[in-house]
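**Q** To start, I am sharing the structure in question, which I have written as structure tokens.
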Amino acid sequence: MPDELIFFTNPMSRGRIVRWMLEETGCAYRAEILGFGAEMKAPGYRAINPMGKVPAILHDGVVVTEAAAICAYLADAFPGAGLAPSPAERGAYYRWMFFAAGPLEAALSNRALGFEVAAERQRMIGYGSVEDAVDTLEYAVSQSKYVAGDRFTAADVYVGSQIGWGLMSGSLEKRPAFESYLKRVGGRPAAIRAREMDDALVAAQKKAAP
């Protein structure tokens, strides 16, 4: 089918970020739910993503992996949704989306794993210290209503997802700026729909488990 968009995901993965983004675009898509382990590592799916991980999309023959890249791609592929600023106004948009995908995620993942970079080696790692990364995130969500200005964009899908996961999992401490921002972005109809869809899939998987 021309222009078909296939979304490869698991409801307990970073695919939840892309589900939210897809719902924001309003585009038609078909979700392929893959189990962790054998299904994701099977040759058929590795032809899509050699990493054997989700999420990924296949859109009219184009494969895109990595949640932040997918968000940026979808914003451009469906311009009618208004989820990307004009090219001349994309500085903050790219800055904060890829800050959240790079230094912030690495910092929070290492914190969750109990890994701490020694002070004398912080120059070797992109985020420096966890404290600096978290303080920078607070700065990002405190400068304007949304991270790229006064209009919601795909960058808010990614940053909002990181904050939502961090607060829920405890890898990110609760700060008023984070909770206020998450309330603004997480209450959007598309975000609610996406959560409900993935939560229903999680419930069904648990029910079907032996």
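Take the sequence shown: its letter number 113 is residue 109 in this note's numbering, and every next letter is one higher. Note that the Cβ used here is the ideal one computed from N, Cα and C, for glycine as well.
To the nearest angstrom, report how far apart GLY166 and ALA151 are at their CA atoms.
**A** About 22 Å.
**Q** Assuming CYS67 and MET17 make a contact with CB atoms under 8 Å, what is their CB distance in whole Å?
**A** At roughly 5 Å, the Cβ-Cβ gap stays under 8 Å, so CYS67 and MET17 are in contact.
**Q** Quick check on ALA200: buried or exposed, where buried means 16 or more other Cβ atoms within 10 Å of its Cβ?
**A** Exposed.
**Q** Between PRO62 and ALA186, how many whole angstroms is the CB-CB distance? I'm expecting something under 8 Å.
**A** The sequence given here has Glu at residue 62, not Pro. That pair is no contact at about 21 Å.
**Q** Helix, strand or coil for GLY145? Go by DSSP, reduced to three states.
**A** It is a strand residue.
**Q** Considering only their Cβ atoms, is the gap separating THR149 from LEU100 smaller than 8 Å?
**A** The answer is no: Cβ separation not under 8 Å.
**Q** Helix, strand or coil, according to DSSP, for GLU112 in the structure here?
**A** Three-state DSSP puts GLU112 in coil, outside helix and strand.
**Q** Tell me whether ALA43 sits in a helix, a strand or coil according to DSSP, three-state version.
**A** Three-state DSSP puts ALA43 in coil, outside helix and strand.
**Q** Looking at ALA77 and THR21, is the spacing between their C-beta atoms short of 8 Å?
**A** Cβ atoms of THR21 and ALA77: closer than 8 Å.
**Q** Starting from ARG10, follow the alpha helix (DSSP H) in both directions and report where the run begins and ends.
**A** First-last for ARG10: undefined, no H or E at that position.
**Q** Check the C-beta distance from LEU1 over to ILE44 and give it rounded, since I have them as a contact under 8 Å.
**A** No, LEU1 and ILE44 are not in contact; Cβ-Cβ is about 13 Å, not under 8 Å.
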